[in-house]
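A.B. asks: The numbers in full-length UniProt numbering rise by one with no breaks, and the one at position 193 of the sequence shown is 193.
Have a look at this one before I ask anything.
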Amino acid sequence: MDMKPGAYTISRRTTGGKLETATLQVGLKECLQEDLNNFPKPEFVNVSPLNQKRAANEAALVNPLISFNTKERPAVFDLPVGKPAQNLPKGEGNFGACRTLNGQPRDRHTGQDYPVGLGKPVLSVGNGRVLLAANQFYSGNSVYIDHGNGLISEYFHLKSFSVKANQTVTKGESIGLVGETGRVTGPHLHLGVRWHGACINPGYLLIDPSDMPAVN
């Protein structure tokens, strides 16, 4: 999401051991603007010093976990990853959106929101190990899962979670319930994915790799 425009060399190793490379051209894309006016939770608009300190402490705990280089751990996931909820509706297309809250600029949106109903089960998109399951100021009840080889999934604003740190989970296993905790306007499922520390659009991992855009 934060890559600078330009040409990048990417590589992969085939099952036969051959190294293949290609050039990926990254260009500028206009940022989707989301203006959230009349925000229903005033404590998230004018954040108190106490909550600012809380959020900073939580970031200090989470950032080392999600930026930790897990690429040396064997991958325990396959593509496409599993759906994070049954009968998953189309995402709201707000990955990377630039947001304002009652006219005040906020950080870009790092995940994809899905309009899944309150209390519906949230499912792990793949096999993995829970890095953290906790209540956080901005993201509410949150679960972070390490799937190996640099892939981490994030599930925010849950009503509740049913897993704990260091627990092993399997693809499709229920890890919590859809909620509206934290900085939200209503119930939905926020799914975030980090690949070697970079935020990527989760939608790309939910489709078959053969359907991905070609790279020349």
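Note that CB positions come from ideal geometry on N, CA and C, so glycine has one too.
Quick caveat: nothing in here was measured; it's all calculated off a predicted structure.
#1: Between the stretch 179-196 and the stretch 135-151, are three or more C-beta pairs nearer than 8 Å?
#2: Excluding the 5 residues flanking G172 on each side, which residues of the same chain have their C-beta closer than 6 Å to its C-beta?
#3: Taking residue 218 as the reference, which of G203, H147 and R99 has the closest Cα?
#4: Alpha carbon to alpha carbon, what distance is there between N87 and N57?
#5: With H, G and I counted as helix, E and B as strand and the rest as coil, what does DSSP make of L32?
#6: Whole beta strand (DSSP E) runs in the stretch 164-199 with 3 or more residues, listed along the chain?
#7: Using 7 Å as the cut-off, classify the Cβ of R194 as near or not near the heavy atoms of the ligand FAD, replying yes or no.
#8: Apply the 10 Å Cβ neighbour rule to D113 and answer buried if 16 or more other Cβ atoms are within range, or exposed otherwise.
#9: Can you tell me which of the three DSSP states L88 falls into?
#10: Take S67 as the anchor and find which of Y204, R194 and L206 has the nearest alpha-carbon.
#11: Short of 6 Å in beta carbon distance, which residues of its chain neighbour L101, apart from the five on each side in sequence? Order them along the chain.
#12: Nearest to I10 by alpha carbon, out of G16, L24 and K18?
C.D. replies: So, from the listed chains and residues:
#1: The answer is yes - the stretch 135-151 touches the stretch 179-196, with three or more Cβ pairs under 8 Å.
#2: G82 and L123
#3: Given a span of 1 to 216 for the chain in the structure shown, any question on residue 218 remains unanswerable.
#4: 36 Å
#5: When secondary structure is reduced to three states using DSSP, L32 falls in the coil class, being assigned neither helix nor strand.
#6: 174-177 and 189-195
#7: Because no ligand of any kind appears in the structure shown, any question about the ligand FAD cannot be addressed here.
#8: Under this definition D113 is a buried residue.
#9: coil
#10: R194
#11: L36, F39 and V45
#12: L24
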